[in-house]
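Protein chains in written order, with this note's numbering: chain A, 1 to 591; chain B, 592 to 826; chain C, 827 to 1102. See below for the structure under consideration.
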Amino acid sequence: MVDVTPHDESGVPPAEVPELELYHPKSWWTTYVFSQDAKTIAIQYSGTAIAIGFVALVLSWLMRLQLGFPGTFDFITPEAYYQFVTMHGMIMVIYLLTALFLGGFGNYLIPLMVGARDMVFPYINMLSYWIYLLAVLVLVVSFFAPGGPTGAGWTLYPPQAILSGTPGGQGAGIILMLVSLILFIIGFTMGGLNYVVTVIQGRTRGMTLMRLPLTVWGIFTATVMALLAFPALFVACVMMLFDRLLGTSFFMPALVDAGEQLSYGGGSPILFQHLFWFFGHPEVYIVALPAFGIVSDLISTHARKNIFGYRMMVWAIIIIGALSFVVWAHHMYVSGMHPWFGFFFATTTLIIAIPTAIKVYNWVLTLWRGDIHLRVPMLFALAFIVTFVNGGLTGLFLGNVVVDVPLSDTMFVVAHFHMVMGVAPILVIFGAIYHWYPKITGRMFHEGMAQFHFWVTFLGAYAIFFPMHYVGLVGVPRRYPEIGDTAFVPDSVQDLNAFITMAALIVGFAQIVFLFNIFWSLRHGREAGGNPWRATSLEWQTPTTPPPHGNWGDHVPVVYRWAYDYSVPGASQDFIAQNDPGTGIKAPRPA
Amino acid sequence: MSVILVFLLVVFGFSLWWLSQQRLLSKPWTEQGLAVDPSHRGEAAMPTAKIALGIFLAVVGALFALFASAYFMRMEYSDWQAPPVPSVIWANTAILVAASIALEIAARTARDGRIDISRVALAIAGAATLVFLAGQLVAWQQLSLAGHYLEVNPANGFFYLLTGMHGLHIIGGLIALGFTLVALSAQAPISGQLQLRVELCAMYWHFLLFVWLGLLVLLAGWAGDFIAICKQVLT
Amino acid sequence: MTVAIVLVLVALGSIVFHVLSPWWWTPIASNWGYIDQTLIVTFWITGVVFTAVVVFMAYCVFRFRHREGAKAAYEPESRKLELWLTGITAVGVAAMLAPGLIVWSQFVTVPDEATEIEVVAQQWQWNYRLPGEDGILGKSSNKLVSYDNPLGVDPDDVNGQDDVIVEADALHLPIDRPVKVLLRSIDVLHDFYVPEFRAKMDMVPGMVTHFWFTPTRTGEFEVLCAELCGVGHGYMRGAVFVDSEQDYQAWLASQQTFAEISGPVKIGAAGGGAAR
């Protein structure tokens, strides 16, 4: 090993940043409610996201009940079905996954992992959460608005999104949806600035970028992408609000609605689709990159081995982040856009598979010759790899323009994106919650309940979405409340649908066990100690657990090594913490 | 989507330049000890707030680049007419330029510690910006008096939308500027923190002026002419 | 141990499910067999990769599970291995992309001899227009849509007078003749989707989109909408019959043209309407 301590320390940041003055809460309100501590904000973000996520879970049950047993439930009309579909999709993608990965894990882990006392702008960070909460409330209000929430599908395609043939199109539903999204974007921008600037400026002494855990790399890159991609959704929402409320024709062509000529004319629905997917595709990676980062750290820690090919992993994250801005129109192969675009976007889309595949190889190669502890977080990480590889590979069907033609808008697409950006990231979320639960609460979760939760969730989710591909292959379109009497669809598809519904109900109920475990272990879990997984990264080295406001007590940690010194030959233990000066160890260079 | 793609290219260029200084090719497992972090290099280190504002402006830039992209894409449809250009926006432009210059003076004098001049310049900039906003309202009024309502054609819609969106960002800036002015009036010897705040105001104003000039190019139809010429050259 | 077995079972189970599944695509009825073949190639490549990754993982979990006193190897990276893997992945991706792009270029190149027909979608039914004897579809616009003129055909365009209008009824197509399907919508987005033809495309109000294919099998095929278009989306069905040449001509003879539907009196009235 090379000692990189400089002789002249002028380039090293001071041990303590003098102007960093934390806001000291004076009352119960400012400690627990209007808190400026990133960790409290993280828990608020996560709690809100999981709460609204359970609403989305119930909506998915209702959808599945309708699909599995059509005609049995009278209250699930086609209108209601479309409202469930739309709200489920929107909540999961934006209000759960984005908020939980960036607002939740970003807030909790970034300051701790880079060795900062807090985010750089705690006040703005606090505002970010409260605006997010407002956005969620506006979304919830739309359920009770006259006409109900919008049923335009989460893509909100005009012209139908604001017309009478779609639930909520002429009512308040679509307006509240757009307003909620605009609020979300404003709130997110505030938080996002914090995450990015904290990584750039808030790192402690010795913490160079190449010493960051991959979790931070994933969240950092995803946040940069989100900051640049969300404006596209913002523009689309504002322009659609103008069309809906003020009668402009940005997206609205001349058309006949319910037998009547409307006054719109000349606009282009395709324009909306470009704006939407310019946000929508990076959004997939905004969810995926934090998951990539977290899963790398889970695997490395529990396999007691450094992540294989750290540099390649970092480069792959950056390359995926950049490339994801030039693939958006692969969602629009059959939208009627100029067919020549198909060549370009199919090529970029399949190229992005290469850095993604490298990440997968490096995860499994980290397992090779490791010392694998099959603890619950590791189980979730392994399950992530299975579902992500599965979902990623079916993406190669849909990204390859001509193969997409028969499959687009069928249940194959639904199965694909649920596997790759539903199941896979959510498995990471669970793994991450179990992994950091001891740090957040100071106690261990209940192992048995967690194991039960894992097996039901992993196998159940696979049983839901793997067969669903074949429903799509038969040709069943998505967003149909029932298949009905369709000549080319064999009756057995209905049996398969009923099976999928049963699996969905079971998986859903298993989440209650998870929730119960989280609360039960708060009180009854055994004391975890500061570093139960014997991990290297800084968040496990806090002087007290759970870390208090300000994280580090009197001295912020100083970093002497990268985040993956596991099983270093010659070391006395199988891990060396990042803030361990440990001068005597000589590691051999790899052959 | 060409405008936003060009914009992103610039942002990516910046990011790459920054990343290139971060030793991304180094092998971190071979190194041990207090490594030098290039982004903290001594005196030259940029204040955190300035970096944050820079990133925020990149987000605002992306927003307006996307609006411009939408504008160009909408322009290609057959019902497009050139947007009306109320004469008052030329005067407004001059006023916004003046506000930007005043802020530059405020920032420079604040750096030199000449707080009295800085204070006056900041106040002038604020007042000029208020006049600019009033002028934009006059522009809206002129348009609607001439029958150019929002919904009549998409160009009108874009005019109201883009000027409105720009105006909202100006209002946000004015709030920050107001607080800075109050702080500047209360303090006799100017602190480094306050100097920075004035500087940030100037930075924000310059950027919004730049955005406004970009919008002007769109709304005055020059961008359309430019594209037409390009197309002619290509065909 | 359990974990390794379950992982292997997941991989094997997926393959068994795939092989034994009675759920497969509908028998093709158009010239787009190449699409199916590209899909098969993709299935093979991705199937091999999926199985390899999962089984490798299962092996690692079994072989390198924690045992007392065990210690993991120390191996930060391997340039050579990573380059090899990148190269192999690139080859696999190219093997899927290349045929895909070749077939796509066929898909977007409409043959000159293709006859044009028009599908006009509305909430929630399918209408069709055939070019009539002159072989040319008349002009149309959503602004002209009215009760008497449901497809918005321009009454002043001579080419439109002999256009055959099929309103909310089945479409018939002659076998083995390439057709260019022009797609129009008078209200919202729809998507003309016949699973047996493999091809599909959205219809966008204000635009005319298209795709082409050659029907290769006679019979009745169901038309579905594949783009969420409002509450009736799931019930927006129609039918296409692929006929022998004889049957097709017989059907065509029984259809009404635009002029016949409008009637001599109404043409004048509609023309006046357009002038107004």
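Glycine is no exception: its CB is placed at the ideal position from the N, C-alpha and C atoms.
Sub-9 Å separation of residue i and residue j beta-carbons
{"i": "C:His892", "j": "A:His373", "result": "yes"}
{"i": "A:Val4", "j": "B:Ala640", "result": "no"}
{"i": "C:Glu944", "j": "C:Val1007", "result": "yes"}
{"i": "A:Lys305", "j": "A:Thr215", "result": "no"}
{"i": "A:Phe105", "j": "A:Ile219", "result": "yes"}
{"i": "C:Val990", "j": "C:Gln1082", "result": "yes"}
{"i": "B:Pro675", "j": "B:His739", "result": "yes"}
{"i": "B:Asp670", "j": "B:Pro745", "result": "yes"}
{"i": "A:Gly267", "j": "C:Gly1056", "result": "no"}
Sequence-distant residues of the same chain with beta carbon closer than 7 Å to residue i, five excluded per side
{"i": "A:Met63", "result": "Tyr81, Phe84, Val85, His88"}
{"i": "C:Val834", "result": "Val881, Ala884"}
{"i": "A:Leu178", "result": "Cys237, Met240, Leu241"}
{"i": "B:Phe598", "result": "Gly652, Ala653, Ala656"}
{"i": "C:Glu959", "result": "Asp988"}
{"i": "B:Thr826", "result": "none"}
{"i": "A:Ala303", "result": "Thr366, Leu367, Gly370, Asp371, Ile372"}
{"i": "A:Gly399", "result": "His330, Ala346, Thr349, Leu350"}
{"i": "A:Leu262", "result": "Leu255"}
{"i": "A:Glu204", "result": "The amino acid at residue 204 of chain A is misidentified as Glu; the sequence shows Thr. Closer than 7 Å at the Cβ level, and outside the excluded window around A:Thr204, lie Val114, Gly115, Ala116, Val556, Pro557, Val558, Val559."}
Cutoff 8 Å; reference residue i; Cβ partners in own chain excluding five residues on either side
{"i": "B:Glu634", "result": "Below a pLDDT of 50, predicted positions are generally treated as unreliable, and B:Glu634, at 48, falls in that range; the measurement from the model is reported next regardless. Nothing meets the Cβ criterion."}
{"i": "A:Phe454", "result": "Val376, Leu379, Phe380, Ala383, Phe430"}
{"i": "B:Tyr795", "result": "Leu644, Leu648, Gly764, Ala767"}
{"i": "A:Val413", "result": "Leu398, Leu407, Gly472, Arg478"}
Residue range of the unbroken beta strand (DSSP E) whose run includes residue i
{"i": "C:Lys1006", "result": "1005–1011"}
{"i": "C:Ala947", "result": "941–948"}
{"i": "C:Phe1037", "result": "1035–1039"}
{"i": "C:Trp952", "result": "951–956"}
Bounding residues of the alpha helix (DSSP H) (the contiguous stretch that carries residue i)
{"i": "B:Gly769", "result": "745–777"}
{"i": "A:His281", "result": "269–302"}
{"i": "C:Cys886", "result": "859–889"}
{"i": "A:Phe509", "result": "492–524"}
{"i": "A:Ile186", "result": "173–201"}
Closest by C-alpha distance to residue i, when choosing among the options
{"i": "C:Met1029", "options": "A:Tyr333, A:Leu505, A:Met312, A:Ala303", "result": "A:Tyr333"}
{"i": "A:Arg478", "options": "A:His416, A:Gly265, A:Val558", "result": "A:His416"}
{"i": "A:Arg369", "options": "C:Lys897, C:Glu1022, C:Thr1042", "result": "C:Lys897"}
{"i": "A:Gln451", "options": "A:Gln511, A:Gly570, A:Pro438", "result": "A:Gln511"}
{"i": "C:Ala830", "options": "C:Pro848, C:Phe888, C:Val879, C:Thr868", "result": "C:Phe888"}
{"i": "C:Pro925", "options": "A:Ile175, A:Arg534, A:Val403", "result": "A:Val403"}
{"i": "C:Gly913", "options": "A:Asn517, A:Glu539, A:Tyr361", "result": "A:Tyr361"}
{"i": "A:Asp257", "options": "C:Tyr954, C:Glu1022, C:Ile1012, C:Thr1044", "result": "C:Ile1012"}
Any non-hydrogen atom of the ligand GTP closer than 8 Å to residue i Cβ
{"i": "B:Trp609", "result": "This structure lacks the ligand GTP; in fact it carries no ligand of any kind."}
Nonlocal neighbours in the same chain, by C-beta distance under 6 Å from residue i, ignoring five residues either side
{"i": "A:Ala329", "result": "Phe341, Phe345"}
{"i": "B:Arg788", "result": "Thr771"}
{"i": "A:Ala503", "result": "Gly460, Ala463, Ile464"}
{"i": "A:Trp436", "result": "none"}
{"i": "A:Tyr108", "result": "Lys39, Ala42"}
{"i": "A:Leu275", "result": "Ala232, Val235, Ala236"}
{"i": "B:Val594", "result": "Ala656, Ala659, Ser660"}
What residues in the stretch 974–992 of chain C bring their beta carbon closer than 7 Å to a beta carbon of chain A? none
Between the stretch 482–510 of chain A and chain C, which residues of the former have a C-beta closer than 9 Å to a C-beta of the latter? Glu482, Ile483, Gly484, Thr486, Ala487, Phe488, Val489, Pro490, Ser492, Val493, Leu496
Please list the residues of the stretch 594–612 of chain B that have a C-beta atom closer than 8 Å to any C-beta atom in chain A, keeping them in chain order. Within the stretch 594–612 of chain B, the residues whose Cβ lies closer than 8 Å to any Cβ of chain A are, in chain order, Ile595, Leu596, Leu599, Val602, Phe603, Ser606, Leu610.
With 7 Å as the limit, tell me which residues of the stretch 914–938 of chain C have their beta carbon closer than that to any beta carbon of chain A; keep them in chain order. Thr915, Ala916, Val919, Met922, Leu923, Gly926, Leu927, Val929, Trp930, Phe933, Val934
Mind listing which residues of the stretch 879–907 of chain C have their C-beta closer than 7 Å to chain B's C-betas, in chain order? Pro902
Within 7 Å of chain A by C-beta, residues of the stretch 632–661 of chain B in sequence order: Arg632, Gly633, Thr639, Ile642, Ala643, Ile646, Phe647, Val650, Ala653, Leu654, Leu657, Phe658, Ala661
Mind checking the stretch 999–1016 of chain C against chain A and listing, in chain order, the residues whose C-beta falls within less than 9 Å of any C-beta there? Those would be Leu1009, Ser1011, Ile1012, Asp1013, Val1014, Leu1015, in chain order.
Chain C contacts from the stretch 715–746 of chain B (Cβ-Cβ distance under 9 Å): Within the stretch 715–746 of chain B, no residue has a Cβ that lies closer than 9 Å to any Cβ of chain C.
Residues of the stretch 208–231 of chain A with a CB closer than 7 Å to any CB of chain B: list them in chain order, please. Thr208, Leu209, Met210, Arg211, Leu227, Leu228, Pro231
When Cβ atoms are compared, which residues of the stretch 245–265 of chain A fall closer than 8 Å to chain B? Leu246, Gly247, Thr248, Ser249, Phe250, Ser263, Gly265
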